[in-house]
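Each residue of the sequence shown is one higher than the last, beginning at 567 in my numbering.
All C-beta atoms in this analysis are idealised placements derived from N, C-alpha and C, irrespective of residue type, glycine included.
Being a predicted model, the structure only gives us computed values, none of them experimental.
Single-structure report; data block below.
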Amino acid sequence: MRSYKLAMEEYKNLLKKGDIQFAYRGIISFFSRLRIFLKKKYPTYVVSSVYPGYMDMTYIAFTPMEIHKKNLKIAIVYLHEKNILELWLSASNRKIQAEYVELFNKEKVQYKISRVGPGVDSIIEKTIVQSPDLDNSKELISEIEKQCLDFCGEIESFVSKSIV
């Protein structure tokens, strides 16, 4: 069995270096700037607060109203361990998630379709940036915006035809 005492000692040693805090602050700060940018530029979209996570994922939701009305959301997700940015379509509950997973499986879409289960929050996932460069946040925000709008358009088109 893993020991919290040993893990805490390792954690303390890593924190002494300062890189973890610096990187984590950078991630949270970037997501805060991204949120403000999207909220100002797209006032008709539902933009959530930043979910900082537990050093597993950090995300914000950025959802067109038509998708939101179907109890769905688009999340811009940073996966800490993989150091990637993804777009996820998620549902407000497991029942809706399961219904849309089934629909997307029937349609054979180009995205990674999730399996419904404990701890799985997405319906579909799309990797948009490998190793995001927070030192060039303007370019990164621009790339996320473009990818997000394309993804939102494709999802809007799909869900507008669905009966769920």
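Considering just the uninterrupted stretch of the alpha helix (DSSP H) at residue i, what are its terminal residues?
{"i": "Q676", "result": "Counting along the chain, Q676 falls outside any alpha helix (DSSP H), and DSSP gives it neither H nor E."}
{"i": "S726", "result": "703 to 727"}
{"i": "E691", "result": "No alpha helix (DSSP H) holds E691; the beta strand (DSSP E) holding it covers 688 to 696."}
{"i": "Y590", "result": "585 to 607"}
Closest to residue i by CA distance: which of the options is it?
{"i": "Q713", "options": "E673, S658, I642", "result": "I642"}
{"i": "M621", "options": "F628, K648, M567", "result": "K648"}
{"i": "K639", "options": "I650, G619, E575, Q663", "result": "Q663"}
{"i": "L715", "options": "K636, E665, F628, L669", "result": "F628"}
Ends of the beta strand (DSSP E) at residue i?
{"i": "M623", "result": "623 to 629"}
{"i": "L700", "result": "Per DSSP, L700 belongs to no beta strand (DSSP E) and is neither H nor E."}
{"i": "Y644", "result": "638 to 645"}
{"i": "S656", "result": "650 to 657"}
Measuring straight from C-alpha to C-alpha, what distance separates residue i and residue j?
{"i": "R599", "j": "K606", "result": "11 Å"}
{"i": "S569", "j": "Y577", "result": "12 Å"}
{"i": "N659", "j": "F597", "result": "24 Å"}
{"i": "H646", "j": "T624", "result": "8 Å"}
{"i": "E711", "j": "Y608", "result": "10 Å"}
Do the stretch 581 to 589 and the stretch 600 to 618 meet, that is, are 3 or more Cβ pairs less than 8 Å apart?
no
At least 3 beta-carbon pairs within less than 8 Å: the stretch 654 to 665 vs the stretch 679 to 689
Note that the stretch 654 to 665 touches the stretch 679 to 689; at least 3 beta-carbon pairs, one per stretch, sit closer than 8 Å.
Under 8 Å: do the stretch 713 to 727 and the stretch 621 to 635 share three or more Cβ pairs, one atom per stretch?
Short answer: they touch.
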